[in-house]
Every structure is written in C-alpha cells, then in structure tokens.
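First the structure, in the form of structure tokens, and then the observations on it.
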Amino acid sequence: MDVSISTQEGRAILRVAGRMDATTAPQFERECAALIESGERHLVAELSGLEYISSAGLRIFLATAKKLKPLEGEIRICGMSGLVREVFSLSGFISLFAIYPSLDEALAARP
Amino acid sequence: MKPLPRDRDAAIRLPATDASIETAGARVDAILSALGVSRERALRIELALEELLVNIVSYAYPADGPGDFEILIAPSADAITLTVTDWGRPFNPLEAEPPRTGDGIDDREPGGLGIHLVRELARSVRYERAGDANRIAFTFPTGGISG
Numbered sequence: 251m252d253v254s255i256s257t258q259e260g261r262a263i264l265r266v267a268g269r270m271d272a273t274t275a276p277q278f279e280r281e282c283a284a285l286i287e288s289g290e291r292h293l294v295a296e297l298s299g300l301e302y303i304s305s306a307g308l309r310i311f312l313a314t315a316k317k318l319k320p321l322e323g324e325i326r327i328c329g330m331s332g333l334v335r336e337v338f339s340l341s342g343f344i345s346l347f348a349i350y351p352s353l354d355e356a357l358a359a360r361p
Numbered sequence: 127m128k129p130l131p132r133d134r135d136a137a138i139r140l141p142a143t144d145a146s147i148e149t150a151g152a153r154v155d156a157i158l159s160a161l162g163v164s165r166e167r168a169l170r171i172e173l174a175l176e177e178l179l180v181n182i183v184s185y186a187y188p189a190d191g192p193g194d195f196e197i198l199i200a201p202s203a204d205a206i207t208l209t210v211t212d213w214g215r216p217f218n219p220l221e222a223e224p225p226r227t228g229d230g231i232d233d234r235e236p237g238g239l240g241i242h243l244v245r246e247l248a249r250s251v252r253y254e255r256a257g258d259a260n261r262i263a264f265t266f267p268t269g270g271i272s273g
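Residue numbers (the numbering used here), protein chains in the order written: chain A, 251 to 361; chain B, 127 to 273.
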C-alpha cells in the first residue's frame, strides 16, 4: 500500500493505492493520526488507486471518524470503485461517511 | 478452469502468526492466478481468507502457544472452495452476532465486520468441528462476477 499526502483548499488529502489489509492498515492509521496530531481536522481519502480493503482497513476509517467528530472535523472519501466500494456498502459504512465520486467533488462540497 | 499445475501444492500449512497471513495471501494469490481466476474474483476470495486467518491468529491458540493453520484449495468446474483448518479451541465464528450496519458513527463498533464480509461475499460458508480441529469451508463461483 502506498499513501501520499498533500494539502488542497485547506484539506489534507491522503491518496491511498494498493491493498489495505491486516498488514498495511496500521500504516494508514499512523498517517491519519499524525495529520490529526498536527492540527488537521478535514481529511480526504482518495481511494481510486485502492483495489482491496479488509475489515482491518474499515476499522481505521471508523476510528479516524470517531477521533475527528468531537474535534468538529471529518474524513471524506472519494474515488472508490470495485471491491472497495462493495466492502463499504456491505458493512453499512456508506451511510457513515461523506462519500464523493471524485476528489474535485469532495473538495467542492460544503461541510 | 485450468487444472492446478502439478508443481504447485494446493495445501498451505503455516504457523498461526501475523506474518503468516501475508505469506498465505501471497501464495493463494499465485495459485488463483495460475488457475485462471479473474482478478476481481481473486481479490474477494483473498478478502474472505484474510478475515478467517485474522480470527485464527487472534483467537485460536493461547497467546504464547504454538499452533498452525492450513488452507486447502479445491477448484471444481464452476467454483472454488477453500477450507481453512486450525487445531485451536472450538470456535464457530459463524455464530458471532452480526454487526449493526444501520448504526451511526458513535454507536458503530468495529467488531464482527470480518465474518460479516465473508458471509456476504462468499456463495456459501460452513463450519464444522472435526475431532480436535476447527474447519471452515467457503465457496466462490468462478464464472461471472455476480453470485
């Protein structure tokens, strides 16, 4: 799994590619935690390069959302397709997160 | 589906450790690819396998005790069945309470999602206690993407 981080329009963007599984999910957790620690409150996970996510990855999204909520922040998700979208849907996570087709739409949306 | 190449063993036995989950995934990925299973389908099979192996590594054996898991891969004409065995304490993960997928962020807990995904993605899943072993077999079709 590769995670690259950038900032755009006041939001921290995490572009995630490859596989988020039991082995690699802790890396994504560390990246999210470090951003929140450094004061970021509005994260966007761009997942168009992600082909696989297991429940280990879902846990990190849930934990990150729970951390950000009392800080009046959020993690938006965009670019999901294939198995990743299916896993979010089967888990009921689609309704827990603000989900957008593309990064542009995620950035343009009002809070 | 292509037959299993003779130089590949369709049984994989490894110690029940975190590192083995990745090793097993890579080996199963290679076997599925050799069998001609589509990438989309292989990813779903690997997801079900990962969830079951994480359970075994986390719960089957005492924290400091040794133990193995074994994966058997059995392709048929239009489906593929993976059987995962461990020799730990009796545990049927299919009896776990399903996650409450309608809850909001505050109420959602991460537990139970793995087995829920296995049930939803696989065509069938069954558990048996066979002697001193836990055995879970799950089947995926190998034709079109649905089902």
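For glycine and all other residues, C-beta sits at the position ideal for the given N, C-alpha and C. Quantities reported herein were computed from a predicted structural model and do not represent experimental measurements.
For D194(B), the enclosing beta strand (DSSP E) covers residues D194 to P201. Proximity of S331(A) to chain B, defined by a Cβ-Cβ separation below 8 Å, is not satisfied. Taking the C-beta atoms as reference points, V337(A) is found no nearer than 8 Å to I286(A). Judged by DSSP in its simplified three-state form, S341(A) adopts coil rather than helix or strand. In terms of beta-carbon proximity, E301(A) lines the interface with chain B, with at least one pair separated by less than 8 Å. Annotated three-state conformation of F217(B) is coil, per DSSP.
In the displayed model, L173(B) falls within a helix according to three-state DSSP.
Annotated three-state conformation of E254(B) is strand, per DSSP. Excluding sequence positions up to five before and after L198(B), its CB lies within less than 6 Å of the CB of A137 and T209, all in the same chain and listed in chain order.
Measuring C-alpha to C-alpha distances from S345(A) to each of L220(B), T227(B) and E221(B) identifies T227(B) as the nearest.
Secondary structure at F278(A): helix, using DSSP grouped into helix, strand and coil. Between the alpha carbons of I349(A) and L333(A) lies a gap of roughly 15 Å. In terms of beta-carbon proximity, L264(A) stays away from the interface with chain B, with every pair separated by 8 Å or more. Bounds of the alpha helix (DSSP H) holding L243(B) are L239 to L247.
If the five residues before and after R265(A) are omitted, its C-beta is found closer than 6 Å to the C-beta atoms of S254 and E296, all from its own chain and listed in chain order. When CB distances to chain A are screened at a threshold of 9 Å, the residues of the stretch 166–191 of chain B falling below it are E166, L169, R170, E172, L173, E176, E177, L179, V180 and V183, in chain order. For the pair S352(A) and C328(A), the CB atoms are nearer than the 8 Å cut-off. Against chain B, the beta carbon of T273(A) has neighbours under 8 Å at D144, I147 and E148, listed in chain order. N181(B) counts as buried, since at least 16 other C-beta atoms from the protein chains shown sit within 10 angstroms of its C-beta. Taking a cut-off of 8 Å for Cβ pairs, the stretch 269–287 of chain A and the stretch 311–323 of chain A touch, as three or more such pairs fall below it. Under the Cβ criterion of 8 Å, I197(B) is not counted among the residues facing chain A. L300(A) is bridged by DSSP to G268(A).
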